[in-house]
Amino acid sequence: MACPDTRDFAAWIDLMPGDESRLIVAGEVKTTSGNLLPRLAEAEPQGINPRDLLLVLSLEQCGEVGTDDVAYRPVRFEKPAVRDQYATVTVLSDGEICFTLEVTEAS
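Taking numbering that gives the first Met the number 0, the leading residue of the sequence shown gets 0, the next gets one more, and so forth.
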């Protein structure tokens with residue numbers, strides 16, 4: 000799968016008091032069926048820059064039956080992180096770079 004159509008992606012570290020700080024990457028991915036769901040997972044291995052998190056975007060079939068609608072479906076990735084741990088997140092699909100996001104901080 001080449002890079003799918005995406006929109007509204009953002010990456011931020013949630014530093015709000017009371018909870019463990021977390022890196023959150025969220026957006027929407029265009030799929031051609033209701034049972035095709037987007038997924039983000041950490042790439043293995045990671046790259047040489049520890050401040051650039053590499054994520055792999057894939058589409059997973061969930062069940063045999065799904066609607067035949069083309070729609071943008073939400074995807075979200077979270078992991079523990081601390082202030083300034085990541086500067087960027089690079090999203091890959093089939094080894095191809097789809098896009099790179101700058102990481103912001105929300106406190």
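Every residue gets a Cβ at the ideal spot worked out from N, C-alpha and C, and that includes glycine.
A quick note: this is a predicted structure, and the numbers were derived from the prediction, not measured.
Legend entry - Buried versus exposed, by CB contacts within 10 Å (16 or more), Pro79: Position 80 of the sequence shown holds residue 79. Flag for Pro79 reads exposed.
Legend entry - Cβ neighbour criterion (16 or more within 10 Å) applied to Ile12: Translated into positions along the sequence shown, residue 12 becomes position 13. Ile12 should be labelled buried.
Legend entry - Opposing strand residues paired with Ser92 [DSSP bridges]: Here residue 92 refers to the residue found at position 93 when the sequence shown is read from its first residue. DSSP lists Glu95 as partners of Ser92.
Legend entry - Member of Ala86, Thr31 and Gly17 whose CA lies at the smallest distance from the CA of Asn108: Any question about residue 108 goes unanswered here, given that the chain covers just 0 to 106.
Legend entry - Ser32 versus Leu54, Ala42, Gly26 and Thr66, residue with shortest Cα-Cα distance: Stepping through the sequence shown from its first residue, residue 32 is reached at position 33. Here the closest residue by C-alpha is Thr66.
Legend entry - Start-to-end residues for the beta strand (DSSP E) that takes in Thr30: Counting from 1 along the sequence shown, the entry for residue 30 is found at position 31. Looking at the DSSP string, the run of the beta strand (DSSP E) that includes Thr30 is Arg21 to Thr30.
Legend entry - Under 8 Å between C-beta atoms of Arg75 and Leu14: In the sequence shown, residue 75 corresponds to position 76, counting from 1. In the sequence shown, residue 14 corresponds to position 15, counting from 1. No, Cβ-Cβ distance for Arg75 and Leu14 is not below 8 Å.
Inset, instruction - Might you give, ordered along the chain, the residues of its own chain that have their beta carbon closer than 6 Å to the beta carbon of Asp51, omitting 5 neighbours on each side? - result: By 1-based counting over the sequence shown, the position of residue 51 is 52. Once the five neighbours on either side are set aside, the close Cβ partners of Asp51 are Thr87 and Thr89.
Inset, instruction - Quick one: measure Cβ to Cβ for Asn34 and Gly17, integer angstroms, because I've assumed they're closer than 8 Å. - result: Taking the first residue of the sequence shown as position 1, residue 34 is located at position 35. Taking the first residue of the sequence shown as position 1, residue 17 is located at position 18. Not really, about 37 Å apart at Cβ, beyond 8 Å.
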